[in-house]
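Report on the structure given below.
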C-alpha cells in the first residue's frame, strides 16, 4: 500500500495533478491511498512553497507544476 | 453538485425574472451592450494576446528561479524588490498567491517580503494591468501597477518593523525547491521573446489621445481633448481658457456647432496611426523566434498553458461583465455618487474597506469598477478599490490568519486599508 499526497489548496492545477496521479496509479496497478493536503500549514510542513506538489510515501517528488504522465509514472513506481 | 447548484440557480432566475418591468428590460439590454463592447473593443486586441503572454510566462520563465531570491538566506534588499514585482511572473492565477505567501513567510525570506508579495502579487499580472489600462484609462492602469509595487515595499517594511521582535513561526523543514532545470536557451532570448509579445500588446492597445484644435461656427478656436464622442455631440476637456470656461473644464458641443476639428500632431498620435503595423511587426518577430528558437514540445506546452488560462479566466471575465452590466442599471446612482463620488478621505476609505473584505474573482474587479465609474465614482477611490480589492478578501483573510496569527493579520489589514486610502487620495488629487 503506497501513500500519495497531493499538496495544494484546491486550485485547478492541483485537481489535475490528483486526477493524473490516480489514473496512472490505476494503470500501473499499484495499491495506493491518496490524500489531498489542502491546509496551508500542513503544506508548509513539507517545505513546499509552490503548489501543486506531489509526495510519495511522505517524500516530495515534484513542486510547482503538473508533470507529464511519463514523469509521474517514474515518481510513483 | 456544483453544476446542479448552478443549473438550479439559472432556473430560478429564468423562472422568476420579471421581464415586464422596464427597469429589468433596460438592465438586460445593458448587460448585452456591455458584453458586446468588451467583445468588440477589448477581446482581440487585449484579452487574447494577454492570455498567450500569460501562458508564455508560465511556460518559459522558471518560477523556481524567482522563488530562489525569496528563500531563507536571501539578501533582504533583493528579497523586497523581487517580492514586490514578482507578481507579474508568478501570480497569474490568484489561487497560487496564498501558498506562495505562506511559503515566503514560513520557509523563506520572512514576514516583510511575504507581506509585500501579498499586496502587489494579485494586482500586477499582465492581464489585469493591460485590461485596466484599456478599460479604465491609462492613468489608472499605470497607477495600479506603480502603486502596487511601491506600496508593497512600504507595507512589507512596516510589517517587518512592527513585528521585528516577535519570533516568526518558522517551520522546521528542509525547503523543497524544484529541480533546477537547465534552461534550453540563453535567458536573453527568452527575455527578447517575451518583450516582443508585451510590445505587441502595448502597440495594439495604443490609444488615441484625442488632442484636437476645435473651430466652432461662431468663430471660436481652442485646444481641447476629446473625452467622448456620440452621433450628434462631442464632450471636450479644455486645454486653454475660453471666456468663462477655464482650462480643465468639461464642455459639451453638438456636432452642428463645430465647424472643424483637427487632430494635433504629437508623437503619440503618430504611433496611434501606425499602431497596427508596429503590432504586426512584433507579431511577426514572435512567430519567427518561436519557429527558430523553440522546440515543438515547448510550443505545445505553451499552447496548453494558454488554453488552461483561457478556460479559467474567460468565463470569469465575460460572466462578470454580463452580471455587472445587468446589476449596474439597478444600482442607485445617487448612493454611489454620495459614497465614492469625490476624492475625500471618506470616499477613499470606504473604497479601501469594501475592497479589503469583498471577494473579487480574478479580473472581475475591472468591469465592476468600470460600472461604478460610470455611476460617478471618482478616480481616487477607484484606485483605492483596485489596490485593496484583489490583495485581500474575507476568505483570503481567514487563510492568512491561520498562517500568521490574529495580531499580524489585523495589522496587515489595517495597513492595506490605510495605504490604499493614501494612494487613492494622492492619485485622485493629481489625476482626478
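Residue numbers (the working numbering), protein chains in the order written: chain G, 6 to 82; chain D, 3 to 434.
Even for Gly, the Cβ is constructed at its ideal location relative to N, Cα and C.
Contact list for residue i against chain G, beta-carbon separation under 9 Å
i                      : result
residue 415 of chain D : Under the 9 Å cutoff, chain G gives no residues; its nearest Cβ is about 18 Å from residue 415 of chain D.
residue 104 of chain D : 45, 46, 48, 49 and 54
First through last residue of the alpha helix (DSSP H) which encompasses residue i
i                      : result
residue 58 of chain D  : 50-62
residue 300 of chain D : 298-332
residue 376 of chain D : 367-376
residue 2 of chain D   : This structure does not reach residue 2 of chain D, given that chain D is present from 3 up to 434, and the question cannot be answered.
residue 160 of chain D : 140-164
residue 201 of chain D : 189-206
residue 18 of chain G  : 17-33
residue 82 of chain D  : 78-87
Chain-ordered neighbours of residue i on chain D, where CB pairs are closer than 7 Å
i                     : result
residue 56 of chain G : 98 and 101
Where the beta strand (DSSP E) through residue i begins and ends
i                      : result
residue 237 of chain D : 235-240
residue 9 of chain G   : 7-12
residue 224 of chain D : 223-231
Residues near residue i by beta carbon distance below 8 Å, same chain, minus five either side
i                      : result
residue 271 of chain D : 210, 211, 213 and 265
residue 199 of chain D : 51, 54, 55, 58, 284 and 288
residue 33 of chain G  : 78, 81 and 82
residue 207 of chain D : 47, 48, 132, 135 and 136
Under 7 Å from the C-beta of residue i: neighbouring residues of chain G
i                      : result
residue 305 of chain D : Under the 7 Å cutoff, chain G gives no residues; its nearest Cβ is about 15 Å from residue 305 of chain D.
For residue i, the three-state DSSP class (helix, strand or coil)
i                      : result
residue 292 of chain D : helix
residue 32 of chain D  : helix
residue 276 of chain D : coil
residue 82 of chain G  : coil
residue 213 of chain D : strand
residue 380 of chain D : coil
residue 54 of chain G  : coil
residue 135 of chain D : helix
residue 3 of chain D   : coil
residue 248 of chain D : coil
residue 64 of chain G  : strand
residue 267 of chain D : coil
residue 111 of chain D : coil
residue 43 of chain G  : coil
residue 442 of chain D : Limits of chain D in this structure are 3 at one end and 434 at the other, which puts residue 442 of chain D out of reach.
residue 415 of chain D : helix
residue 48 of chain G  : helix
residue 260 of chain D : strand
residue 335 of chain D : helix
residue 351 of chain D : helix
residue 37 of chain D  : helix
residue 19 of chain D  : coil
residue 72 of chain D  : coil
residue 255 of chain D : strand
residue 36 of chain G  : coil
residue 59 of chain G  : strand
Cutoff 6 Å; reference residue i; Cβ partners in own chain excluding five residues on either side
i                      : result
residue 390 of chain D : 354, 357, 358, 418 and 422
residue 89 of chain D  : 122, 123 and 126
residue 36 of chain G  : 6
residue 74 of chain D  : 110
residue 100 of chain D : 401
residue 195 of chain D : 291
residue 324 of chain D : 33 and 37
residue 350 of chain D : 382, 383, 386, 423, 426 and 427
Proximal residues to residue i (C-beta, below 7 Å), its chain only, five neighbours per side dropped
i                      : result
residue 333 of chain D : 377
residue 435 of chain D : Past the edges of chain D, shown from 3 to 434, lies residue 435 of chain D, and the structure says nothing about it.
residue 234 of chain D : 256 and 257
residue 237 of chain D : 229, 230, 252 and 254
residue 84 of chain D  : 68, 71 and 72
residue 262 of chain D : 217
Chain-ordered chain D contacts of residue i [CB-CB under 8 Å]
i                     : result
residue 74 of chain G : By Cβ distance, chain D contributes nothing, its closest Cβ being about 13 Å from residue 74 of chain G, past 8 Å.
Residue i beta carbon near the ligand ADP (any heavy atom closer than 7 Å)
i                      : result
residue 135 of chain D : Questions concerning the ligand ADP fall outside what the structure shown contains, since it holds no ligand whatsoever.
Practice task
Determine which residues of the segment 30-60 of chain G have a Cβ less than 7 Å from any Cβ of chain D, and write them out in chain order.
Solution key: 45, 46, 48, 49, 50, 51, 52, 53, 54, 55 and 56
Problem - Selection of the segment 271-287 of chain D by Cβ proximity to chain G, strictly under 7 Å - result: none
Exercise for the section: Residues of the segment 105-119 of chain D with a CB closer than 8 Å to any CB of chain G: list them in chain order, please. Expected result: 105, 106, 108, 109 and 110
Exercise for the section: Give, in chain order, every residue of the segment 308-319 of chain D whose Cβ lies closer than 9 Å to some Cβ of chain G. Expected result: 310, 313 and 314
Handout entry: Proximal residues, the segment 394-418 of chain D versus chain G, C-beta separation under 8 Å
Key = 401, 404 and 405
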